[in-house]
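Numbering (this note's numbering), first residue to last: 14 to 224. Beta carbons are placed, not taken as given, at the ideal position from N, Cα and C, and that holds for glycine. Below you'll find the structure, written out as structure tokens, and then a few comments.
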């Protein structure tokens, strides 16, 4: 149990560092320069408005298969975009969109080339879930549930993240602000229902189903 808690705290610390430091670097569309600091010696590029983001994607050379906000907007309104890789070297292999849904509030969508690191939590398989609303389990356990190419990660019985792979990219939805929100009248409710989650996420990037 202590080992699992240590892993959880480490994961939360990394997310905290990214969220704090991502405000320190900005892209100046007027001169194409980056300003500010980052994590250690690595600067993080952050764009905090949709208008600046639209300028950015027009002015910068991005990978042919780069995932644009337009591709993921079904998850929520644009809040900010942060490149977690070496954007100054034109490396866009890891980035995150912070989005806002009127029902559940803020959530993050991480997109990266490399597969996420395996932890003790992801080695524990959960088999009993509420298929109509997967946000909570009946017990405070850690582990994962897999279905249709999607991996649902649980910490203390609550949904922590949703992961999947599509093409050359690995996707992770995490940092959901309000798991208790009433989503019955929101499109985001499809994300938590196992009967609709695959089709809903496929509007972003179709998960690869591994037999």
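8 Å Cβ cutoff met for residue 184 and residue 122: Residue 184 sits at position 171 when you count from the first residue of the chain shown. Residue 122 sits at position 109 when you count from the first residue of the chain shown. A contact, by the Cβ cut-off of 8 Å.
Is residue 167 closer than 8 Å to residue 239 when the C-beta atoms are compared? A question about residue 239 goes unanswered here, because the residues of the chain that appear run from 14 up to 224.
Looking only at its own chain, which residues have a Cβ that is under 6 Å from the Cβ of residue 80, when we skip the five neighbours before and after it? By one-based count along the chain shown, residue 80 stands at place 67. Cβ neighbours of residue 80 beyond the five flanking positions: 124.
Would a C-beta distance cut-off of 8 Å place residue 217 and residue 84 closer than the cut-off? On the chain shown, position 204 is the one that residue 217 refers to. On the chain shown, position 71 is the one that residue 84 refers to. Residue 84 is positioned such that its CB atom lies closer than 8 Å to that of residue 217.
Residue 198 lies in the alpha helix (DSSP H); which residues open and close that run? Numbered from 1 along the chain shown, position 185 holds the residue referred to as residue 198. Where residue 198 is concerned, there is no enclosing alpha helix (DSSP H), because DSSP gives it neither an H nor an E.
Around the Cβ of residue 169, are there at least 16 other Cβ atoms within 10 angstroms (buried) or fewer (exposed)? By one-based count along the chain shown, residue 169 stands at place 156. With fewer than 16 other Cβ atoms inside 10 Å of its own Cβ, residue 169 counts as exposed.
Going by Cα to Cα distance, which pick from 73, 110 and 100 is closest to residue 63? For this step, residue 63 is matched to residue 50 along the chain shown. Of 73, 110 and 100, the residue nearest in Cα terms is 110.
For residue 130, is the classification buried or exposed, using 16 other Cβ atoms within 10 angstroms of its Cβ as the cut-off for buried? As a first step, residue 130 must be located in the chain shown, where it is residue number 117. Exposed, by the Cβ-count rule.
How would you write the range of the alpha helix (DSSP H) that residue 68 sits in, first residue to last? Walking along the chain shown from the start, residue 68 turns up at place 55. Counting along the chain, the alpha helix (DSSP H) containing residue 68 begins and ends at 63 to 72.
Can you find the residues in the same chain that come closer than 6 Å, C-beta to C-beta, to residue 98, ignoring five residues on each side of it along the sequence? Taking the chain shown and counting its residues from 1, the one referred to as residue 98 is at position 85. Counting only Cβ-Cβ distances below 6 Å, and skipping sequence neighbours, we find 104, 106 and 107.
Own chain residues within Cβ distance below 7 Å of residue 209, not counting five before or after: To locate residue 209, count along the chain shown from 1; it is residue 196. For residue 209, where only same-chain residues beyond five positions count, the Cβ hits under 7 Å are 203.
Quick one: grab the DSSP three-state call for residue 214. Here residue 214 is taken as the residue at index 201 of the chain shown, counted from 1. DSSP places residue 214 in the helix class (H, G or I) of the three-state scheme.
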